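Participant: Pasting in a structure now, in structure tokens, and then I'll have a few things to ask.
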Amino acid sequence: PSAPLRLGVLLRLLLPHAGFTPFSTSAQIAPVTCPTQFRYTLDNDILTLEQRQFYEDNGYLLIKNLVADEDIERFREQFVKICRKDVKVPAITIMKDITIAKSATDENTVLKLQDFMLSEELFRYCTLPQIVKYVECFTGPDIMAMHTM
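Encoded structure:
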């Protein structure tokens, strides 16, 4: 059967009260085959083809000088304050390297901060326009923070 007839059967099964009538069409029904070179990045004018291919091959992308040194220093200072527990951020988890945690007590023992988005200052990194611009190359415009490490 033609595509319009199949559609009519499906619509009558799903919505018997609607009374849909299929109409013939001269359009050719063809399987969608759009071979794409890239799986993990979206088409836009931000990333070059070389950057997209690098990401496909390596799973990361380095954009030098994207964030100002002053911002990096503010994030580092906040990180250190959290690690030293000078600043309390409810529900943030400090993950330490257990092999050296007892011998060293500074931020160098910290492997990661889980849920760092709960720190207003650290979450500011996620909202920097230059960061968002690149994140959208991978996720599209619907960006959410669910769990961060």
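Reading the sequence shown from the start, the letters are residues -19 to -1, 1 to 130 in mature numbering (1 follows the signal peptide of the UniProt record, and there is no 0). Just so you know, even glycine gets a beta-carbon here, dropped at the ideal spot from N, CA and C. In this text, all values refer to a predicted model and were calculated from it rather than measured experimentally.
Are there 16 or more other CB atoms within 10 angstroms of the CB of V113, so buried, or fewer, so exposed?
Facilitator: It counts as exposed.
Participant: Would you mind working out which of Q95, R65, K66, E58 sits nearest M76, comparing C-alpha positions?
Facilitator: Among Q95, R65, K66, E58, the Cα nearest to that of M76 belongs to Q95.
Participant: Any beta carbon from chain C within less than 7 Å of D24's own beta carbon?
Facilitator: Of the protein chains in the structure, only one exists, and it is not chain C.
Participant: Around the C-beta of F119, are 16 or more other C-beta atoms found within 10 angstroms, so that it is buried, or is it exposed?
Facilitator: Per the 10 Å Cβ criterion, exposed.
Participant: Looking only at its chain, what residues have a beta carbon closer than 7 Å to the beta carbon of R33, apart from the 5 residues adjacent to it on each side?
Facilitator: Excluding its 5 nearest sequence neighbours in each direction, R33 has C-beta neighbours in its own chain below 7 Å: F19, T22, listed in chain order.
Participant: Is A126 closer than 7 Å to M98 when the C-beta atoms are compared?
Facilitator: yes
Participant: Which first and last residues belong to the alpha helix (DSSP H) in which V70 is found?
Facilitator: Neither: V70 is in no alpha helix (DSSP H) and is coded neither H nor E.
Participant: Starting from Q95, trace the alpha helix (DSSP H) in both directions and tell me its first and last residue.
Facilitator: Per DSSP, Q95 belongs to no alpha helix (DSSP H); it is in the beta strand (DSSP E), 91 to 95.
Participant: Report yes if the C-beta distance between Y36 and L42 is below 7 Å; otherwise report no.
Facilitator: yes
Participant: Looking at the unbroken alpha helix (DSSP H) that takes in L30, where does it start and where does it end?
Facilitator: 30 to 39
Participant: Since K77 sits in a beta bridge, which residues does DSSP pair it with?
Facilitator: V91
Participant: Leaving out five residues on either side along the sequence, give the residues of the same chain with a beta carbon under 8 Å from the beta carbon of P122.
Facilitator: Excluding sequence neighbours, P122 sits near nothing in its chain.
Participant: What's the C-alpha gap between P110 and L47?
Facilitator: Taking the straight line joining both Cα atoms gives about 10 Å.
Participant: Look up K45 in the DSSP assignment and say whether it is helix, strand or coil.
Facilitator: In the structure shown, K45 adopts coil according to DSSP, grouped into three states.
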